[in-house]
Structures are given as structure tokens and as C-alpha cells.
Amino acid sequence: MIYPWQHSAWQQLVAHWDKRPNAWLLYGKAGIGKLAFAQYLAQALLCENPQAEHQPCGQCPSCHLCSQHSHPDLCELTPEIPEGDNVARKLLQIKVDAVRHVLDFVHLSAHRGGHRVVLVHPAESMNIQAANALLKVLEEPPPQVLFILVSHNKDALLPTIKSRCRPFALPLPSRQQALAWLQQQDMADAENLLAFHGGAPLFADTPAEDDLRAQLLDLLAQPRLLALLDYAALFDRQKWPLSLLFDWLHKWLLDIARAQQQMAAVYYPGRQTALDALGARTQPIALFALAERLNALTPYGQHTLNVKMQAEDLLIDYLHFWQQKH
1 MIYPWQHSAW QQLVAHWDKR PNAWLLYGKA GIGKLAFAQY LAQALLCENP QAEHQPCGQC
61 PSCHLCSQHS HPDLCELTPE IPEGDNVARK LLQIKVDAVR HVLDFVHLSA HRGGHRVVLV
121 HPAESMNIQA ANALLKVLEE PPPQVLFILV SHNKDALLPT IKSRCRPFAL PLPSRQQALA
181 WLQQQDMADA ENLLAFHGGA PLFADTPAED DLRAQLLDLL AQPRLLALLD YAALFDRQKW
241 PLSLLFDWLH KWLLDIARAQ QQMAAVYYPG RQTALDALGA RTQPIALFAL AERLNALTPY
301 GQHTLNVKMQ AEDLLIDYLH FWQQKH
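Shown next, in the form of C-alpha cells:
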């Protein structure tokens, strides 16, 4: 299945079907359905009775196997899920041993006599050893083997990997399309959640995160030292990575910057009144300094740092920013 906002992208792709590459790089914002599009493409490549515009028939043995995620000529390469209770704070990676399995797969004969397809998602999760191992087969792909790489952040890929793939951007749906989709799913508070997720509608329903984020926004509007320290402890108890807190704060700071310029909020439109008050009372230079501090920490969002201590330190920095009035 592809999503309604992807039909034009599919038509664009199949317009060059007879000149398809050995490897595609499908890229775009997270939460827009890139993996679903890639899986649909893989099924179309393996389908034994393709329909108009090369769409998979959904009825042949290959389509049935794809729907069951058991097609012998389709290999999906995804990050390993580590064991343990604290998985959310671990960096998920595609490692070189998994790529070696792919190298074995691509040199086998096709079970059903057609193509063999390798689907890698998200491609930027390959560590350097895995990426270099995959590069070797991308440089000299065996016949009838096609690669589909899916990426939320193509700039994080090795340039040599990108140079071996045909890039294909997948679009963000319009606001109207995204809202219509969410309303079909009976999503509560769809407009504010869609804004928070940057217009990408395929986000997970995470009420616990939403509630804790709302508590944070209340505090950021009127910060108090003890309340901020209590919040850092509360966040730490959830066993969530710092990257989550960083994301919430990045978006809040961007909306404050917009408020300082008398512009509407992008990520937190439901907090416009509080943001306007913050924009009026705070200094742009202090905001930039805090944003720079946050940017410096961002690469460590999945690191095994002391989450409580880092959250406390960052929230205290925010309090200092809030106290530096015009």
C-alpha cells in the first residue's frame, strides 16, 4: 500500500521504469510513509503479474509472500534490537555481520526466477564498517539484484553510498491531506500533534510522551528551579533518551525565536500566547546562546550519559535564559 499523497511520486518513478537503476535511495522527512513506499516498490519488482503503472497485483504467489514478509527473494536489512530493559537509550545500528548476510543473499539464485531485492532501512543506521561492506556490492551488483535504501537523513550517509544510488525524494503531504488522514484515524488533537511532528502524519500514538511534553511546556512558560529539577528526575524515570528532550526543547526555542520576530509558532501553535510573552521578555542573543548549547549536546542524544544530570543542567540553562529580561 502507498499513501494517498504518494500517488504522484509513484507515477514519477514508474515513468522511468525501463531505465531503473540498480539502487534507489528513497529519502524524505520521517513519518511520511517512505518505508511503505519502499515495500510497495519491492513488491512491484517481485510481482509475477504486474498491473497498470507497474503496480503489484496483490494476488500472485510473490505478492502473497510479500504480504506475509516471507518472500525468499526479498531481504530486509534493519538495525538490531539490543536486549535489555533500557533499549530506548541505546543507539540502534545495522552492523557489518548483517551486511555480510546480504552479501551471501545477493549471490544466490532467485527462488522464483525473477529479481532479488535488498531493502535497507533506515540506511543512515549503518555503522561505518557496514556501510563500507555494502558499498562493495553496490559498486558491482550481481545481475537481477536491486537495492532500495530508505533514509530520513541522506546527508548522514557516506558520499560513496549516495553516489551509487539514484536519489528519489518522497514528498511531505499537504496540511489538508495530512489532517484528513489523521481524522480518518480518529486522532485526538490532530492539528496540534501534526504541527509538533512538522506536518508528517505517520507518527506513533504516544500519550505518555504527549502528557510529559505538556508538563514541560507548562514549566517552560513559567520556569521555577525546584519544579525544573523535579521534572528532570521525572523524565529520567521514564528511561527515555535525551534525544527526546532535546527535540522538545529545539522546537520550543525555534518557536520563541519566531515569537521574538512577531511570527506564528510552527511546532506549538496551541502555546502561542505563552510564546508571545516569552518572545517579548527575552533577548535574542541569549536565545542563540542557549540554542548553541543545545546543538552541542544533540549528537549525544542516544549516549549513555547521566540523563538526570544532563536534563537538570540544560533546564537550569533555560531558567537563566528566561531570567535575562530585556
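No gaps in the numbering here: position 292 of the sequence shown is 292 in full-length UniProt numbering, and each next residue is one more. Every residue gets a Cβ at the ideal spot worked out from N, C-alpha and C, and that includes glycine.
Item to complete: Pair every Cβ in the region 225-235 with every Cβ in the region 283-295, then say whether three or more of these pairs are closer than 8 Å.
Response: no
Worksheet item: When you compare only the Cα positions, how much space is there between Pro21 and Val99?
Response: Here the question's residue 21 lines up with position 21 in the sequence shown. Here the question's residue 99 lines up with position 99 in the sequence shown. The straight-line gap from Cα to Cα measures roughly 20 Å.
Worksheet entry | Inter-residue spacing [alpha-carbon to alpha-carbon] between Ala123 and Phe196 | Here the question's residue 123 lines up with position 123 in the sequence shown. Here the question's residue 196 lines up with position 196 in the sequence shown. Between Ala123 and Phe196, the C-alpha separation is close to 25 Å.
Worksheet item: Helix, strand or coil for Glu48 per DSSP?
Response: One-based indexing of the sequence shown puts residue 48 at position 48. Here Glu48 sits in coil by DSSP.
Discussion item. I believe Arg293 touches Asp255 by the beta-carbon criterion, under 8 Å. Please report the beta-carbon distance rounded to the nearest angstrom.
Written reply: In the sequence shown, residue 293 corresponds to position 293, counting from 1. In the sequence shown, residue 255 corresponds to position 255, counting from 1. The Cβ separation is near 18 Å, so there is no contact.
Fill in: Closest by C-alpha distance to Ala233, when choosing among Glu48, Gly28, Asn49, Leu315
Counting from 1 along the sequence shown, the entry for residue 233 is found at position 233. It is Leu315.
Worksheet item: According to DSSP, which residues form a beta bridge with residue 344?
Response: Shown here, the chain extends from 1 to 326; a query on residue 344 therefore has no answer.
Worksheet item: Glu53 to Leu182, Cα distance in whole Å?
Response: In the sequence shown, counting from the first residue as 1, residue 53 sits at position 53. In the sequence shown, counting from the first residue as 1, residue 182 sits at position 182. C-alpha separation (whole angstroms): 28 Å.
Discussion item. Would you call the region 199-207 in contact with the region 43-50, where contact means no fewer than 3 C-beta pairs closer than 8 Å?
Written reply: no
Worksheet entry | Residues that DSSP places opposite Phe147 in a beta bridge | As a first step, residue 147 must be located in the sequence shown, where it is residue number 147. In the DSSP output, where bridge partners are listed per residue, Phe147 has Ala23, Val118.
Worksheet item: How would you write the range of the alpha helix (DSSP H) that Phe321 sits in, first residue to last?
Response: Counting from one through the sequence shown, the residue named residue 321 turns up at place 321. Here the alpha helix (DSSP H) through Phe321 covers 307-323.
Fill in: Assigned exposure category for Gln12 - 16 Cβ within 10 Å defines buried
Reading the sequence shown from its first residue, position 12 is the one you call residue 12. So Gln12 ends up on the exposed side.
Worksheet item: To the nearest whole angstrom, what separates the beta carbons of Leu92 and Pro72, a pair I think is in contact under 8 Å?
Response: Position 92 of the sequence shown, counting from 1, holds the residue named residue 92. Position 72 of the sequence shown, counting from 1, holds the residue named residue 72. About 26 Å separates the beta carbons of Leu92 and Pro72, which is beyond the 8 Å limit, so they are not a contact pair.
Discussion item. For Lys154 and Leu134, I'd like the C-alpha separation in whole angstroms.
Written reply: In the sequence shown, counting from the first residue as 1, residue 154 sits at position 154. In the sequence shown, counting from the first residue as 1, residue 134 sits at position 134. Take the alpha-carbon of Lys154 and the one of Leu134: they are about 16 Å apart.
Discussion item. Does the structure place the region 164-172 close enough to the region 238-245 that three or more beta carbon pairs sit under 8 Å?
Written reply: no
Worksheet item: Where does Pro159 sit, in a helix, a strand or coil, going by DSSP?
Response: Start at 1 with the first residue of the sequence shown, and residue 159 comes out as number 159. DSSP, read as helix, strand or coil, puts Pro159 in helix.
Worksheet item: Does the beta-carbon distance from Leu119 to Ala38 come in below 7 Å?
Response: Taking the first residue of the sequence shown as 1, we reach residue 119 at position 119. Taking the first residue of the sequence shown as 1, we reach residue 38 at position 38. Going by C-beta atoms, Leu119 is nearer than 7 Å to Ala38.
Practice prompt. Please report how far the alpha carbon of Arg224 lies from the alpha carbon of Gln185, in whole angstroms.
Written response: Position 224 of the sequence shown holds residue 224. Position 185 of the sequence shown holds residue 185. Computed Cα separation, rounded: 38 Å.
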